[in-house]
Structure formats: structure tokens, C-alpha cells
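In this text, residue positions in the sequence shown follow our numbering: the first is 526, and each later residue adds one.
C-beta atoms are modelled at their ideal positions from N, C-alpha and C, and glycine is treated no differently.
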Amino acid sequence: MIDLKRNGKKEPVKATGVRSRESSSYTPNQTADFKISRGRFSNFLTCKRCFYLDRVKGLDPPGTPGWTLNETTDLLLKKEFDECRETQTPHRLFAANGLGHVVPFDHPEIENWRNSLHRGLMLRHKGTSIILTGGVDDIWQDTRTKQLIVVDYKSQAKNGVVDKQDYLDDPYHDGYKIQMDFYSYLLSGMGFDVHPTSYFLVCNAKRDDDGFHKTMNFDEYLVPYNWNSDWIEEKVDEMVALMNQHQIPEPNECCKNCAYSEQYAKAVHQADSKQGENVQGSFFS
Numbered sequence: 526m527i528d529l530k531r532n533g534k535k536e537p538v539k540a541t542g543v544r545s546r547e548s549s550s551y552t553p554n555q556t557a558d559f560k561i562s563r564g565r566f567s568n569f570l571t572c573k574r575c576f577y578l579d580r581v582k583g584l585d586p587p588g589t590p591g592w593t594l595n596e597t598t599d600l601l602l603k604k605e606f607d608e609c610r611e612t613q614t615p616h617r618l619f620a621a622n623g624l625g626h627v628v629p630f631d632h633p634e635i636e637n638w639r640n641s642l643h644r645g646l647m648l649r650h651k652g653t654s655i656i657l658t659g660g661v662d663d664i665w666q667d668t669r670t671k672q673l674i675v676v677d678y679k680s681q682a683k684n685g686v687v688d689k690q691d692y693l694d695d696p697y698h699d700g701y702k703i704q705m706d707f708y709s710y711l712l713s714g715m716g717f718d719v720h721p722t723s724y725f726l727v728c729n730a731k732r733d734d735d736g737f738h739k740t741m742n743f744d745e746y747l748v749p750y751n752w753n754s755d756w757i758e759e760k761v762d763e764m765v766a767l768m769n770q771h772q773i774p775e776p777n778e779c780c781k782n783c784a785y786s787e788q789y790a791k792a793v794h795q796a797d798s799k800q801g802e803n804v805q806g807s808f809f810s
């Protein structure tokens, strides 16, 4: 998509391609605290060059529109679970899924942990200036073992029944599993005993209704996932080492952002180099 930069009044303003706040960029070997979210960690795993240009060089990439329908589903689900949290009773989904012994976890920091933009779960990495963060959708508790259960809400619209194994095996859902591994890693590092099974609460919009009628119906599925955080610390070490170097890393050859940027620059440069051809606003002028 083509993204226009806008100010607080939603008026178009000149885009510079870099962030204006210095604190949003990391200086190699800096001593001041710097937060790395779960999303940024996923970016590191996907393409080291894009991650480095974003976090260290401070480039401001084009944005994507908000997922307002998905966010609304999350908001309404949180209201449901908060009612059960207040009374410490199992949610309506629990008994049918063999979880009658589970309740939403009641903790004074739960709202902060769910605030992905400003707080979230927080864990300092090995005494460095890097603070890992992640806004979890919810946390439940096994009343028998007192272990905490990490939960993530997912909204989608696909025909048919959601097969739980197919859901986890879908390569497009690998990022979901990384998400769970990361949240469980943070929560464990914060000193909590985390249950080995986490859950995706998948809300699948039904497309076979006879019409909209101001209502969208969903089927609900609890998809269990046995998280594994054994691999995370090594990758975080790699990420921090990358942030502390001054050399821009090679791109992931499958990264469409890097490939597009390269072809974009080539096209502009070639056009600008042709005799008698004028390209306004050339990057190479």
C-alpha cells in the first residue's frame, strides 16, 4: 500500500523516512534502557536487515491499516474474561474443553501486561540495557497447580471447521507459535511458573449464514500449543549482538521489502541516468 504521513490532525505532512524521536532508535552499545517488543523480535527473525534499519538506523517504514474488527473481537473477549476474573469462575468455554479447573488469572498488573503499546510483560536481558516486552492477550491459571497459562486471541474468517492440528501446522501461523514461545519466556523470566500448554482462542467468522443482518456469528475453538522457549535466549543474544554492530547486515533473500527497495532504487537511478530524462525528487540527485 502507499502510505501518506499525517500529523495529529490527520493532515498530510512531509515524510522524511526517518523517525523524529531519537529515543526510538538504538545506538550501538548504548547504556540507556531500550525496549524491544515481541513484534520487533519477530522482525529480527524474519529479516535482519529490515530489523537493523528500523531499530538502529531509525528508518520509518510505511505503515499498515489497523485491524479494527480483530481488535474489537479482542476487546469484547477481554470483557468476558474480566467478568470471570472478578468472580474467579471458569469461563463458559472451559468446561467443554476439559478446563473446568481453570480461571482467568487475577493479578494487579494484568492490565499493564495486556497493554502492548506502553507496557506489556517486561524482562531485562542478562543485565544489558535491552528490555524485552510483549503485550499478552490474557493469562489464565490452573487452580490445581497454580501454574499460569498464556492465551492469545485470534480472529479469522475461513470456510469449514478449524482443525486444531492443521491450524498449528499452517506455515503462516509459525509467527503465532513464536509469539507464544516469547510470551512464555518473558513470564517465566519474571519468576512465574508457566504451564507447558498455552492456548489460542480462535474465533472463526461463519460465512454460510443467510445474510449479515447487523450480526456476524463466530465459531470458537481452543487450540492447545505446547510452547518451547529453549531457542529464544540464543536468538536474543544474536539480536543484541547485531544491534551493537555498525555494519548493515545482508537481507533475507526472501524479503519482499528488501527486494522492492532495491528494485525501486535501481529504477529511479536508471531513469535519472538516461540522457535527457529528468526524474523529479531523485534519490541520487
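Start and end residues, alpha helix (DSSP H) containing residue i
| i | result |
| --- | --- |
| GLY700 | 699 to 714 |
| VAL765 | 757 to 768 |
| ILE635 | 635 to 638 |
| LEU618 | 617 to 621 |
Counted within 10 angstroms of its Cβ, other Cβ atoms place residue i as buried (16 or more) or exposed
| i | result |
| --- | --- |
| ASP718 | exposed |
| ASN554 | exposed |
| LYS679 | buried |
| LEU601 | exposed |
| GLN681 | exposed |
| PHE809 | Reliability of the predicted coordinates at PHE809 is poor, the pLDDT of 40 falling under 50, and no value is obtained from them. |
| ASP662 | buried |
| GLY806 | For GLY806, the pLDDT reaches just 48, beneath the cut-off of 50, and the residue's location in the model is therefore unreliable, although a value from the coordinates is still provided. With fewer than 16 other Cβ atoms within 10 Å, it is exposed. |
| ILE527 | exposed |
| ILE773 | exposed |
| GLN788 | exposed |
| TRP592 | exposed |
| ALA540 | exposed |
CB-CB length for residue i against residue j, believed under 8 Å
| i | j | result |
| --- | --- | --- |
| ARG580 | SER550 | 7 Å |
| SER754 | TYR701 | So it is not a contact: roughly 15 Å between Cβ atoms. |
| VAL627 | THR614 | The pair is not a contact, with the Cβ atoms about 10 Å apart (cut-off 8 Å). |
| ILE655 | TRP665 | 29 Å between Cβ atoms; not a contact. |
| ASN742 | LYS683 | About 14 Å; that fails the 8 Å criterion. |
| ASN777 | THR589 | At roughly 19 Å, the Cβ-Cβ gap does not stay under 8 Å, so ASN777 and THR589 are not in contact. |
| LEU693 | VAL761 | Actually they are not in contact, since the Cβ atoms of LEU693 and VAL761 sit about 24 Å apart, beyond 8 Å. |
| VAL765 | THR653 | 6 Å |
| PHE707 | ARG563 | 5 Å |
| ASP667 | HIS720 | 6 Å |
| GLY623 | ASN640 | With a Cβ gap of about 31 Å, GLY623 and ASN640 do not count as contacting. |
| LEU648 | MET705 | Incorrect: roughly 15 Å between the Cβ atoms, too far for contact. |
N- and C-terminal bounds of the beta strand (DSSP E) containing residue i
| i | result |
| --- | --- |
| THR722 | 722 to 730 |
| MET647 | 646 to 649 |
| TYR678 | 673 to 681 |
| TRP752 | From DSSP, TRP752 is part of no beta strand (DSSP E); its letter is neither H nor E. |
| TRP592 | Premise fails: TRP592 is in no beta strand (DSSP E) and is neither H nor E. |
| ASP691 | First-last for ASP691: 689 to 694, but that is the alpha helix (DSSP H), not the beta strand (DSSP E). |
| ASP579 | Where ASP579 is concerned, there is no enclosing beta strand (DSSP E), although the alpha helix (DSSP H) it sits in stretches over 573 to 580. |
| ILE773 | Segment: none, ILE773 is in no beta strand (DSSP E) and carries neither H nor E. |
| GLN812 | Past the boundaries of the shown model lies residue 812; the chain is included only from 526 to 810, so the question cannot be answered. |
| ILE527 | First-last for ILE527: undefined, no H or E at that position. |
| PRO629 | 627 to 629 |
Bridge partners - residue i, DSSP secondary structure assignment
| i | result |
| --- | --- |
| SER562 | THR658 |
| LEU584 | VAL543 |
| GLU745 | CYS728 |
| ASP607 | Its beta-bridge partners do not exist; DSSP assigns none. |
Residue i beta carbon near the ligand MG (any heavy atom closer than 7 Å)
| i | result |
| --- | --- |
| ARG669 | Ligands in the displayed structure: none, and consequently the ligand MG is not present. |
(message) If contact is defined by three or more beta carbon pairs under 8 Å, each pair taking one atom from either stretch, is the segment 782 to 801 in contact with the segment 608 to 624?
(response) no
(request) Count the CB pairs spanning the segment 684 to 695 and the segment 534 to 544 that are closer than 8 Å, and state whether there are at least three. (result) no
(message) Does the structure place the segment 553 to 569 close enough to the segment 758 to 772 that three or more beta carbon pairs sit under 8 Å?
(response) yes
(message) Taking 8 Å as the cut-off, does the segment 773 to 785 touch the segment 591 to 599 (at least 3 CB pairs, one atom from each stretch)?
(response) no
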